[in-house]
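Per my numbering, the very first residue in the sequence shown carries number 583; after that it's consecutive.
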Amino acid sequence: MLARKTLIVAVLIWSCHTVFAECAQRVDMATYAACLPKGWVFFRDAALDRLSGCSKLSGKCTGNGGGYPLRGAVFIFLMPADKVTDHPPYRSPDDIVSAAPHGGRPALDIGEVRLTGQGKRCLVARSLLFGRVWDEVYGVEVNGRLFRAWVQYNNEPGSIDKYRRQIEGILSSLIPRSADLDRK
583 MLARKTLIVA VLIWSCHTVF AECAQRVDMA TYAACLPKGW VFFRDAALDR LSGCSKLSGK
643 CTGNGGGYPL RGAVFIFLMP ADKVTDHPPY RSPDDIVSAA PHGGRPALDI GEVRLTGQGK
703 RCLVARSLLF GRVWDEVYGV EVNGRLFRAW VQYNNEPGSI DKYRRQIEGI LSSLIPRSAD
763 LDRK
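Structure follows, in structure tokens:
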């Protein structure tokens, strides 16, 4: 049993090193870590274990008073699904994306997102608000641990694929902290 735990810890350490070896900005949260692209600004909400990140555009991501992203900006709010307080407990990525708000409109388009690394499953519910802003909710499962991400960026032809790759990179980098490692 001790040999198995040692092997598991060694694999976790190696996989963390491999994932974060090319990480521009590693952000350690209470129960997970993620990697953000170079130049992104981020904030931590310790109470919710929520990471908020935004690609910086001249130091600003949204207009005065918040709201939708400025041109060229992408933002993400990422947190463990068990910290989401406005919904019954999520059981799967399907639960997360099917609960995405759609304001009385038809159900959102839901698709699968291919993340790098083993033990990861990701779905996205995507809608285009007012024909201008992509609004996305991601349900991510990493080795049995669920996360919810909310993302927005403008509908800018020629940039959408880049924005989506950045988000996929962030979600691919998710590493939940093991409860066994937390106790030591």
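Ideal Cβ placement from N, Cα and C applies to all residues, glycine included.
L630 places its beta carbon 8 Å or farther from that of F624. The segment 692-700 makes no contact with the segment 664-672, as fewer than three CB pairs between them are under 8 Å. Its chain contains Y614, A616, V722, V724 and F729 as the residues whose beta carbon lies nearer than 7 Å to that of L756, once the 5 sequence neighbours on both sides are disregarded; these appear in chain order. Q748 carries a helical assignment under DSSP once its states are collapsed to helix, strand and coil.
For a cut-off of 8 Å, the C-beta gap from A731 to L753 is around 6 Å, short enough to register as a contact. Shown here, V719 sits in a strand according to DSSP, grouped into three states.
Secondary structure of P619 (DSSP, three-state): coil. Per the coordinates, the alpha-carbon of R708 lies some 17 Å from the alpha-carbon of A655.
In this structure, Q700 sits away from V715, with a CB-CB distance that is not shorter than 8 Å. For S680, the enclosing alpha helix (DSSP H) starts and ends at P675 to S680.
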